[in-house]
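So in UniProt numbering, the last one in the sequence shown is 793, and the numbering has no gaps at all. Using N, Cα and C, we set each Cβ at its ideal position, and we do this for glycine too.
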Amino acid sequence: QLVLAIESSCDETAVAIINAEGNMLANQVSTQIDFHARFGGVVPEIASRKHVEVIVGVVDAALEEAAEAMGLDAPIAPTELAAVGVTQGPGLVGALVVGVAFAKGLAAGAGCPLICVNHLEGHLYANLLAQPDLEPPFIFTLVSGGHTMLVHVKAWGDYEVLGETLDDAVGEAFDKVAKALGLGYPGGPIISKLAETGNPRAIDFPRALNRRGDYRFSLSGLKTAVVSYIEHETAAGNTIHLPDLAASFEAAVFDVQYKKAKGALHETGCREYCIGGGVSANPHLRRMMIQKLGRQGIRVTVPPLNACTDNAAMIAEVARRKFKEGDFASFDVDADPNMTL
Ligand code: ATP
Ligand code: MG
Ligand code: FE
């Protein structure tokens, strides 16, 4: 029983195929990063057009990859699919619409059910690809390009959002800092590479809302502090030591993430923790949570590296579980760009 899942919420067109046991038989990602990089961020109109251009090819590639994984000579035929899953939201409306419309057509043609998936739930379920026995209750930190949330997962589907960002998301802050330094897009991987050889204590950047019991986040003050630092040093004729700047910026962001996660674990009594979203690919963040929380007896799960930024494998895992429960969508659903957890 094969479930095919489509993800098109932002600038990745991705398709994965999973079987009932949870084996990932195909995992295709076509990224548009190169088309957006010169604009320093994702251009919605370009994103929608690119999804339209590549989606058929990405689906075909996934059907071929799955056949190969199963030792078949011919690609899987859509009629062999048990269900089609798709990201319904949140994301760019024009980008989501492409995936949703395609998924409806594919499911209708194949005569199988349609399953709608929340992209944020996908980022959470990415952890199940690394740790299949992850079970609520636990604390989950979502750090992505558009979201920063601390969540108490009481049961699958029962989420209490303890706090969110009041302004920029963590991934967005990485992107803006990289842009201010003229380093390119997306900023996360660039900053994290630089930070490897830097001193995290070189520059004392502000840690916002760093109080006990406060689970809200704020990143815009930090971003402004970094930009002011760059302007100040440049005006003074000093060269900026990029690794130190990157490492100090990361330390300011992740110290707060750690402190709030620890506080939420303590307050709820949860003994289990996981992270998700593009920023969860960051080695510094992964190491910090695994080591520091691990030392306190908390079991820490992080998604596989290729399931942190947008991908369809995580959407397929949600869809597979919904399929088992018979949680199907009607064919007149629409993309929902404002979905939340
Ligand atoms: P959302 O999931 O909130 O809708 P999104 O799908 O655009 O947003 P993701 O694909 O989950 O976001 O993550 C992309 C973000 O992750 C970008 O902001 C990028 O800079 C950041 N990112 C990627 N790799 C790293 C890294 N190694 N360190 C820090 N940030 C990273
Ligand atoms: Mg992306
Ligand atoms: Fe995402």
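Kindly identify the DSSP beta-bridge partner or partners of residue i.
| i | result |
| --- | --- |
| residue 480 | 467 |
| residue 603 | 592, 613 |
| residue 533 | 454 |
| residue 725 | 591, 752 |
| residue 570 | 541 |
| residue 781 | 566 |
| residue 459 | 466 |
| residue 669 | 617 |
Going by the C-beta, is residue i closer than 6 Å to any heavy atom of the ligand ATP?
| i | result |
| --- | --- |
| residue 585 | no |
| residue 788 | no |
| residue 455 | no |
| residue 491 | no |
| residue 626 | yes |
| residue 732 | no |
| residue 756 | no |
| residue 644 | yes |
| residue 729 | yes |
| residue 527 | no |
| residue 718 | no |
Less than 7 Å between the beta carbons of residue i and residue j, yes or no?
| i | j | result |
| --- | --- | --- |
| residue 639 | residue 627 | yes |
| residue 764 | residue 459 | yes |
| residue 833 | residue 603 | The structure shown does not extend to residue 833, since the chain spans only 453 to 793, so no value can be given for it. |
| residue 766 | residue 597 | no |
| residue 751 | residue 724 | yes |
| residue 672 | residue 619 | yes |
| residue 471 | residue 454 | yes |
| residue 562 | residue 533 | yes |
| residue 600 | residue 491 | no |
Using C-beta distances below 8 Å, list every residue in its chain close to residue i, excluding the 5 sequence neighbours before and after it, in chain order.
| i | result |
| --- | --- |
| residue 700 | 650, 651, 652, 653, 654, 655, 656, 657 |
| residue 500 | 544, 546, 547, 549, 550 |
| residue 788 | 540, 541, 542, 548 |
Could you pull out every residue in the same chain whose Cβ sits closer than 7 Å to the Cβ of residue i, ignoring the five residues on either side in sequence?
| i | result |
| --- | --- |
| residue 636 | 489, 630, 642 |
| residue 761 | 730, 733 |
| residue 647 | 695, 698, 699, 702, 736 |
| residue 781 | 566, 567, 568 |
| residue 675 | 620, 625, 628, 629 |
| residue 707 | 659 |
Assuming residue i contacts residue j under a Cβ cut-off of 8 Å, what Cβ separation, rounded to an integer in Å, is found between them?
| i | j | result |
| --- | --- | --- |
| residue 769 | residue 577 | 5 Å |
| residue 593 | residue 709 | 6 Å |
| residue 565 | residue 535 | 5 Å |
| residue 503 | residue 531 | Actually they are not in contact, since the Cβ atoms of residue 503 and residue 531 sit about 24 Å apart, beyond 8 Å. |
| residue 478 | residue 518 | 4 Å |
Taking 6 Å as the cut-off, does the CB of residue i come closer than this to any heavy atom belonging to the ligand MG?
| i | result |
| --- | --- |
| residue 462 | yes |
Suppose the cutoff is 6 Å on Cβ atoms and the five residues either side in sequence are ignored; what does the same chain contact list for residue i look like?
| i | result |
| --- | --- |
| residue 570 | 791 |
Using a beta-carbon distance below 7 Å, is residue i in contact with chain B?
| i | result |
| --- | --- |
| residue 626 | The structure shown contains no chain B; it holds only a single protein chain. |
Who's in the neighbourhood of the ligand FAD, going by beta-carbon under 5 Å from any heavy atom, listed in chain order? With respect to the ligand FAD, the structure shown offers nothing to examine, as its ligands consist of the ligand ATP, the ligand MG and the ligand FE.
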